Amino acid sequence: MFKPEQETTVFSDEGDDTLGGRLSMARDAAGISLQTLASQLGVSEETMLAWESDRAEPNPSALAKMSALFDVSPAWLMTGAGDGPGEDSDQRALEAIRNELSRLRTAYQEMGKLIEATSRQLERLDHQIRLRNLSKDVAH
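Per this note's numbering, the sequence shown starts with residue 12, numbered consecutively.
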């Protein structure tokens, strides 16, 4: 069991066990939007999303800039070792998790819309194919 003086990070959930997870959590804890951070770093939002989803890694310069913006060490961002966002950021940590949940809900809703649209397209295409096949059968 950890004693309070042994804790080194505010976040201990599984979401922060990768570079991308720590980037996302630290950004949320700092209250910086994805768009704002991308703009400050001079990269696209797609690049930021790739970093936060562990599909790509930031270069050392971007990592150093983010650690300064988030007030965390580069070592913490890269490995999770050392001090993460400050101990006084419990409310920011809660807000970060709420923001993540909100983003997930939005993504879930968007996926639902895409599934519905794709289902309608499939039904229309299936109907068109059946009509075309029926027309061919009647013509013969």
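Where is the CB? At the ideal position from N, CA and C, for every residue including glycine.
Keep in mind that this is a model prediction, so the values were computed, not measured.
Through-space distance from A73 to L125, alpha-carbon basis: 34 Å
Identity of the residue in K147, S44, E111, M77 nearest G95 by Cα: M77
Helix, strand or coil at E68 [DSSP, three-state]: coil
For D148, three-class secondary structure by DSSP: helix
is_contact[Q139, chain C] using C-beta, thresh 7 Å: In the structure shown, chain C cannot be found, because there is only a single protein chain.
Buried/exposed call for R38, threshold 16 Cβ in 10 Å: buried
A75 beta carbon less than 7 Å from that of P85: yes
T90: first and last residue of the uninterrupted alpha helix (DSSP H) it sits in: 85–90
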